[in-house]
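Protein chains in written order, with the numbering used here: chain A, 12 to 206; chain B, 23 to 321.
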């Protein structure tokens, strides 16, 4: 995989996700475009590349998500919850990619939903652990796990619906990414396009 | 070649553990770890996000609720206008303070009695390196006339070569036929006293000046050249022409004489604001068109 392509797409995904939030929001829910990228990489790249890509994208999401821990005057960002969550999402998507027809938009949307559930459960679990008395006992202000799960599920539904049309665009850009399979060759479809 | 002891899977596992620890770090530690990358990412994303956000707001903006607050609405509107005006005034105040600091520096250096200082903005540079000129946004309606001295702080910029109603042209000291007497002095006050009086002329198309000195004249690189020409107005004498950039052998007489290359301290073609030194005994023209600009007072 060509890493600069990933970071260019990640830049645009983050900018669109946050810059167009007022336009894209439906009843206060905005899509998770970075998750689309993670799933797209998961169904196209080798597992090792996928793991690093998911971690990198997760760190970017973490860095752009300020939290307000109780007892602190200013907000802060935590590196880790998003990275671990997207790693889990990527793993689930990678597990599913062998079972289904990857080029289908419907399937892509379904994978986004399932992988997203796994990812966001991990994120909520990690952030929820901060609220436990041990080891640090720093709950996030106004944060409740059940509430978060509900909100994030709505977000995943929206993302999954948006994934269907966007997957067409992403799949068309596949030759730019330089994906190779485990044998070091480009996937058959990309080879056919190049020839 | 020595192979790395760590396998990729081990590196990945270690990274995952590090991320778990980072996610569980106390807030103060997390802040130390993440503040810099966070603001770096924000700086990178900011331009795109701002454009997209304004686009999104233009496309989909919820309708403002129509509530009649009566006098309160009027007060709110007045407050918004006042805040906006205050912001403008603050910016102008900051500019004025910068200018005052510049002029204070000038006054501390020169005895500017009998003159007033008129700040002006530079509208453009002619782009001609042979006869470089600047256009400023002051003219004879502001009391200017040809020949007045233009400075930037304590640096001499040039003289007004033509004056229109609301704009004037400044001929820079690096214009082709400029010649004047300069005194070259050490830049640091209190340095061993040495000075040299010499004649400087513009080096064509180089935006610098050349002066000729004798081999024994105490001129060194880094010295400052001050205007000391009796042909120039008194208020201009003492202004800085530039700094001695290098000293080389004179091409016509390499044994006995040297050529001193003087470069203006600030690039005269990149100035934003300048100051016109206007003698107070000067009577400005009363009617438009009654004043005929001339450049007869050029040295």
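Don't be surprised by glycine CBs; every beta carbon is placed ideally from N, CA and C.
Given the structure is predicted, the values throughout are model-derived calculations rather than measurements.
Local Cβ density within 10 Å of residue i, reported as buried at 16 or more and exposed below that
i                      : result
residue 314 of chain B : In this predicted model, residue 314 of chain B has a pLDDT of only 37, less than 50, meaning its place in the structure is not dependable enough to derive any value.
residue 168 of chain B : buried
residue 15 of chain A  : exposed
residue 13 of chain A  : exposed
residue 190 of chain B : buried
residue 222 of chain B : buried
residue 206 of chain A : At residue 206 of chain A the pLDDT is 38, less than 50, meaning the model places this residue with poor confidence and gives no usable figure here.
residue 231 of chain B : buried
residue 318 of chain B : With a pLDDT of only 36 at residue 318 of chain B, under the threshold of 50, the placement of this residue in the model should not be trusted; the figure read from the coordinates follows. Per the 10 Å Cβ criterion, exposed.
residue 96 of chain A  : buried
residue 87 of chain A  : buried
residue 309 of chain B : Any answer about residue 309 of chain B is weak, because its pLDDT of 41 lies below 50 and its placement is not dependable; what the coordinates show is given next. Result: exposed.
residue 47 of chain B  : buried
residue 145 of chain A : exposed
residue 32 of chain B  : exposed
residue 241 of chain B : buried
residue 316 of chain B : Residue placement at residue 316 of chain B is flagged as unreliable, the pLDDT there being 37, under the threshold of 50; the coordinate-derived value follows with that caveat. By the neighbour-count rule (16 or more Cβ atoms within 10 Å), residue 316 of chain B is not buried but exposed.
residue 135 of chain B : exposed
residue 177 of chain B : buried
residue 254 of chain B : buried
residue 49 of chain B  : buried
residue 203 of chain A : Residue confidence for residue 203 of chain A is low, a pLDDT of 44 falling below 50, so the modelled location carries little weight; the figure read from the coordinates is stated next. It counts as exposed.
residue 187 of chain A : exposed
residue 99 of chain B  : exposed
Of the listed residues the options, nearest to residue i (C-alpha basis)
i                      : options                    : result
residue 167 of chain A : A/32, A/46, A/27           : A/46
residue 114 of chain A : A/179, A/81, A/127, A/138  : A/179
residue 159 of chain B : B/153, B/230, B/192        : B/192
residue 62 of chain B  : A/71, A/99, A/154          : A/71
residue 290 of chain B : B/146, B/242, B/209        : B/146
residue 42 of chain A  : A/61, A/103, A/174         : A/174
residue 354 of chain B : A/110, A/75, A/55          : An answer regarding residue 354 of chain B cannot be provided, because it is not within the stretch 23 to 321 covered by chain B.
residue 225 of chain B : B/247, B/177, B/96, B/196  : B/196
residue 123 of chain A : A/141, A/19, A/103         : A/103
residue 366 of chain B : B/141, B/136, B/263        : The structure shown does not extend to residue 366 of chain B, since chain B is modelled only from 23 to 321, so the question has no answer here.
residue 285 of chain B : B/243, B/27, B/123         : B/243
residue 51 of chain A  : A/17, A/156, A/159         : A/17
residue 159 of chain A : A/181, A/184, A/128, A/183 : A/128
residue 198 of chain B : B/107, B/180, B/56         : B/180
Segment limits, beta strand (DSSP E) that includes residue i
i                      : result
residue 168 of chain B : First-last for residue 168 of chain B: undefined, no H or E at that position.
residue 236 of chain B : 230-236
residue 203 of chain B : 201-207
residue 276 of chain B : Premise fails: residue 276 of chain B is in no beta strand (DSSP E) and is neither H nor E.
residue 301 of chain B : 295-301
residue 145 of chain A : Element bounds for residue 145 of chain A: n/a, residue is neither H nor E.
residue 264 of chain B : 262-271
residue 47 of chain A  : First-last for residue 47 of chain A: 44-53, but that is the alpha helix (DSSP H), not the beta strand (DSSP E).
residue 144 of chain B : 137-147
Span of the alpha helix (DSSP H), counted from its first residue to its last, around residue i
i                      : result
residue 64 of chain B  : 49-81
residue 170 of chain A : 156-183
residue 102 of chain A : 92-108
residue 130 of chain A : 116-141
residue 157 of chain B : From DSSP, residue 157 of chain B is part of no alpha helix (DSSP H) but of the beta strand (DSSP E) over 155-158.
residue 28 of chain A  : 14-30
residue 31 of chain B  : 30-45
residue 72 of chain A  : 58-74
Cβ-heavy atom distance, residue i to the ligand NAP, below 8 Å
i                     : result
residue 68 of chain A : The ligand content of the structure shown is nil, which means the ligand NAP is not present either.
Contact list for the stretch 29-56 of chain B against chain A, Cβ threshold 9 Å
Closer than 9 Å at the C-beta level to chain A, one finds these residues of the stretch 29-56 of chain B: 30, 31, 34, 37, 38, 40, 41, 42, 43, 44, 45, 46, 47, 48, 49, 50, 52, 53, 55, 56.
Three Cβ pairs or more, each shorter than 8 Å: is that satisfied between the stretch 17-36 of chain A and the stretch 62-75 of chain B?
Result yes; three or more Cβ-Cβ pairs closer than 8 Å.
Is it the case that the stretch 256-272 of chain B contacts the stretch 110-120 of chain B, given that we only count it when at least three CB pairs across the two stretches are under 8 Å?
Touching, no.
Proximal residues, the stretch 63-82 of chain B versus chain A, C-beta separation under 8 Å
Against chain A - using a Cβ distance shorter than 8 Å - the residues of the stretch 63-82 of chain B are 63, 64, 66, 67, 70, 71, 72, 73, 74, 75, 77, 78, 79, 81, 82.
Evaluate contact between the stretch 91-109 of chain A and the stretch 31-40 of chain A, counting only Cβ atoms and requiring at least three cross-stretch pairs below 8 Å.
Put simply, the stretch 91-109 of chain A does not touch the stretch 31-40 of chain A. Fewer than three CB pairs are less than 8 Å apart.
Selection of the stretch 155-178 of chain A by Cβ proximity to chain B, strictly under 7 Å:
Hits within the stretch: zero.
Give, in chain order, every residue of the stretch 140-152 of chain A whose Cβ lies closer than 9 Å to some Cβ of chain B.
So the close ones are 140, 141, 146, 147, 149.
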